[in-house]
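>
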Amino acid sequence: MATEVEAKSLPANAYTPLAEDEIYCPIVPAEAREPELTWRSILWGTFLCIIFTVASAYSGLKVGQVMEAAIPISILAIGLARVYARRSSVLENVIITGIGGGAGSVVAGAIFTLPALYILKLDPKPVQTIFICVAGGCLGVLFLIPLRRYFVRQMHGILPYPEATAITEVLVTGEKGGSQAKLLLQATFISGIYDFFVTTFQVWHESVSFQWIPFVKTLGVKARVAVSFDAISFILGLGYVMGLRSSMILCAGGVMANLVLVPAIFYIGQHAVGNVYPGLLPIGDMSAIQIYRSYVRFIGVGAIATAGIFGIIKSLKIVAGSFSIAFKAFSRGEDKSVLRTDRDVPMLSILIGVIVSSIGVALLLGSLKVSWAVLGLGLVLTVVFSFFFASVAANAIATTARNPVSGMTMLTIIISSVVLLRFGLSGTTGMFFVMAIAGMVCTALSVSGQTITDLKAGYWIGSTPAAQEKVKFLGVIAAAIAAGLTIVMLARTFQFGEAALGDLRPVLVSPQASIMKALVEGFMSHQPVAYVLFGVGAMITIAMEMLGQPSLIFALGMYLPLELNTPALVGGFLSHLLNKKAEARGGEAGRTIRERGVIIASGLMAGGALGGVFGAALRLFPWYKEELIHTPFYNNLSISESVSVIMFVLLCAYVWFSSIKSQKSEG
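Using the numbering used here, read the sequence shown as starting at -2 and increasing by one per residue.
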């Protein structure tokens, strides 16, 4: 019989590193037996996964924005819990969120790569598109499970897990109700309205560039020094949860890329005659953003890849421990002494899953009629990259809630093309072969990032990891089928990429897939590889490791646009100042300030995600235009950006005063 567990707040050590002998006790204890894997949670999770997958696939292909699924679904789970006579348990809500959250991750893997096959006129079969998503998604989950103890338990309090924090706070606060639930709903509503109007209509400029200030404009023109700031509430909440140290390192990477490397490349190359590979224009004619995309982004990719190698090395001890536990269980039978909250899918099942997935990958690649050597290489590249990037994606998501999907997929295409070209693979077969590998790897790393988020949220709440891991496969399969069929149907009605001569079908721009198409087409045409740029990135990562700093956060800062890093830094400073105030207050009052701050930041992330979903949904209708709501001052850059800055400052003030409000009233 299920044991009723009284709803309560997360423990005080939920977000702090544990002492040597300290143990984290989740809100649902290991000995508790609440409903978890029920038909209710499985069916609702699958249903929401399919709905969000179809919507995300369309919006992603149309405007390049994949709908955030996990946070909105966690909010829906809270509402659904009250529909039934027996209110759904918090563990059931974790399962619903875990299954449904697979929508965004599988779609990201699919739309970044599969439309490139249609742009290249290779027309994959429906079963091929579905299988690429299924195989990649399953590999992503399988390779992540042995890393769970390292990322979730060993790194507790060290990695901030911004998205998992938001999901956990939504589920726990919604379960608890009372004043904290009202505060969460208030922050969610304010953020949702704010981000929806700013990102969907022409109310005021979302991104602030300060180009209306003469000094800043002169710097941009003469030195290619350009600063930018994305003034939305979602990233403010993200930075708050990340904390000051992580957000500063992230922003430092952005400063290195945009305010050091870009001006340096321009200064050295501005007088060069003709274009310098891989740039398509003379450096002197490039803007700051063009220099960044043509050169610095590749440095960031090299930095991320090298940081991933260091991450794998650091986690080897824990992974070896996981295998050791698994082999003991295999030789002696399942170890019943392992706590429910620390029980994974058996290692034997993982090994069987990897073997079955590998056989499936081999059958798919073999259907392209290539030599045995090329087939073997393709299989090795798919499995190795999927395993390698599972760790990179988990670390990135756990730190910044940003997964470097496009960068790692580009690296997969580049290395796979270079290797396979040496074995005589080229032309249309080579393009299909490489894009199939890229599609599976892209889906694997995207799914592994989402999986670690779910497992961390479950760890905080007290879910059974094995249950979460099993249903993740269900979410992957459901999302893969929905995404694959959606892409196939859209390909019959729309053109992907650019309009072809004589084709009157409307165009879905598919921005990421268009980049991947250009990349694979270039390499299969024997274009050179910019090894020096990747090497520079690798050296930067090595320097960061020598300094004892988190290299992956810095590398992500180099790769991500600067406008995403700067508002996160503001959120980090706000978190630091509020925590200092909480320390000064001390006792229950200080704890209340910290709790309210995290709840508000989680609400900002939840509302920002919902605002993005509604905004993306509107873009699906033919009548939608950004000009539907247009303020008189929108086109006046100085006024519009000034309003944006003022509104962002007001958001910060809301976080500050709402966090200390209860303390003031008590005083």
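Virtual Cβ for every residue (Gly too), placed ideally from N, Cα, C.
Answer yes or no: do aspartate 227 and glutamate 560 have a C-beta to C-beta separation smaller than 8 Å?
In this structure, glutamate 560 lies closer than 8 Å to aspartate 227 by Cβ.
> Taking the alpha-carbon positions, what's the asparagine 10 to glycine 519 distance?
Taking the straight line joining both Cα atoms gives about 51 Å.
> Going by the C-beta, is threonine 197 closer than 7 Å to any heavy atom of the ligand MG?
The ligand MG is not part of this structure, which contains no ligands at all.
> May I have the straight-line CA-CA distance separating serine 383 from serine 445, to the nearest angstrom?
Serine 383 and serine 445: Cα-Cα distance of roughly 9 Å.
> Between Ser364, Ala480, Arg591 and Gly133, which has its C-alpha nearest isoleucine 48's C-alpha?
Closest by alpha carbon: Ala480.
> Work out the CA separation of proline 462 and proline 343 for me, nearest whole Å.
Using only the alpha carbons, I get a separation of about 11 Å.
> Using 8 Å as the threshold, is the stretch 75 to 86 in touch with the stretch 108 to 126, meaning 3 or more CB pairs across them?
In short, these stretches do not touch, since the Cβ pair count stays below three.
> Per DSSP, aspartate 227 is paired with what?
Ser204.
> Using DSSP's beta-bridge definition, name the partner residues of histidine 268.
Partner(s): none; histidine 268 has no beta bridge.
> Among the candidates Phe140, Thr162 and Trp620, whose CA atom is the shortest distance from the CA of leucine 348?
When each option's Cα is compared against that of leucine 348, the closest is Phe140.
> Based on Cα-Cα distance, which residue from Gly455, Ile412 and Gly281 lies nearest to proline 525?
It is Ile412 whose Cα lies nearest to the Cα of proline 525.
> Quick check: the Cα distance between isoleucine 93 and phenylalanine 193, rounded to an integer number of angstroms?
One C-alpha to the other measures close to 25 Å.
> Can you tell me which of the three DSSP states glutamine 199 falls into?
Glutamine 199 falls in the strand class under three-state DSSP.
> When the Cα atoms are used, what is the spatial distance from cysteine 46 to phenylalanine 198?
For cysteine 46 and phenylalanine 198, the distance between alpha carbons rounds to 28 Å.
> Smallest Cα separation from isoleucine 590: which of Glu31, Leu571, Ser86 and Ile232?
Checking every option, the nearest Cα to that of isoleucine 590 belongs to Leu571.
> CA-CA distance, alanine -1 and alanine 603?
Legend: pLDDT at alanine -1 = 45, less than 50; position of this residue unreliable, value from coordinates given subsequently. Roughly 30 Å separates the two Cα atoms.
> What residue does the alpha helix (DSSP H) around cysteine 248 start on, and which one ends it?
Where cysteine 248 is concerned, the enclosing alpha helix (DSSP H) stretches over 241 to 252.
> From glycine 330 to aspartate 451, what distance separates their C-alpha atoms?
In this prediction, glycine 330 scores a pLDDT of 49, lower than 50, which makes its location untrustworthy; no coordinate-derived value is stated.
> With distances taken from CA atoms, which of Leu557, Ser53 and Ser86 is nearest phenylalanine 295?
With distances taken between Cα atoms, phenylalanine 295 lies closest to Leu557.
> What ranges does the alpha helix (DSSP H) occupy inside the stretch 347 to 422, keeping only unbroken runs of at least 4 residues that lie completely in it?
Qualifying alpha helix (DSSP H) stretches, in chain order: 369 to 397 and 402 to 418.
> Nearest-angstrom Cα distance between threonine 338 and isoleucine 512?
When rounded, the distance between both Cα atoms is 42 Å.
> Alpha carbon to alpha carbon, how far is threonine 170 from tryptophan 620?
Approximately 38 Å between the Cα atoms of the pair.
> Just curious, the alpha helix (DSSP H) that isoleucine 550 is in, first and last residue?
Note, isoleucine 550: alpha helix (DSSP H), 548 to 556.
> Could you spell out where the alpha helix (DSSP H) holding aspartate 18 opens and where it closes?
Taken as a continuous stretch (DSSP letters only), aspartate 18 belongs to no alpha helix (DSSP H), as it is neither H nor E.
> Pull the bridge partners of histidine 627 from the DSSP assignment, please.
According to DSSP, which records beta bridges pairwise, histidine 627 is partnered with Gln199.
> If we count the other Cβ atoms within 10 Å of its Cβ and call it buried at 16 or more, is leucine 336 buried or exposed?
With fewer than 16 Cβ atoms within 10 Å of its Cβ, leucine 336 is classed as exposed.
> Buried or exposed: where does tyrosine 237 fall if 16 or more other Cβ atoms within 10 Å of its Cβ makes it buried?
By the neighbour-count rule (16 or more Cβ atoms within 10 Å), tyrosine 237 is buried.
> Can you say whether tyrosine 158 is buried or exposed, counting buried as having 16 or more other CB atoms within 10 angstroms of its CB?
Flag for tyrosine 158 reads buried.
> Hey, quick one: how far does the alpha helix (DSSP H) through serine 6 stretch, first residue to last?
From DSSP, serine 6 is part of no alpha helix (DSSP H); its letter is neither H nor E.
> Note down the Cα distance separating glycine 250 from leucine 168, rounded to an integer number of angstroms.
Going by the C-alpha atoms only, they are around 33 Å apart.
> What alpha helix (DSSP H) runs, 4 residues minimum, are completely inside the stretch 428 to 495?
Listed in chain order, they are 462 to 490.
> Within 10 angstroms of its Cβ, does tryptophan 36 collect 16 or more other Cβ (buried), or is it exposed?
When all chains shown are included, tryptophan 36 counts as exposed.
> Quick check on serine 86: does DSSP put it in helix, strand or coil?
In the structure shown, serine 86 sits in coil (DSSP, three-state: anything other than H, G, I, E or B).
> Roughly how many angstroms separate the alpha carbons of glutamine 183 and leucine 601, rounded to a whole number?
For glutamine 183 and leucine 601, the distance between alpha carbons rounds to 9 Å.
> Can you list, in chain order, the residues of its chain with a C-beta nearer than 7 Å to that of glutamate 1? Leave out the 5 residues immediately preceding and following it.
Because the pLDDT of glutamate 1 is 45, which lies under 50, any placement of that residue in the model is unreliable, and the question is left without a value.
> Which of the three DSSP states is assigned to glycine 330 in this structure?
A caution first: glycine 330 carries a pLDDT of 49, below 50, which makes its placement in the model unreliable, though a value can still be read off. Coil.
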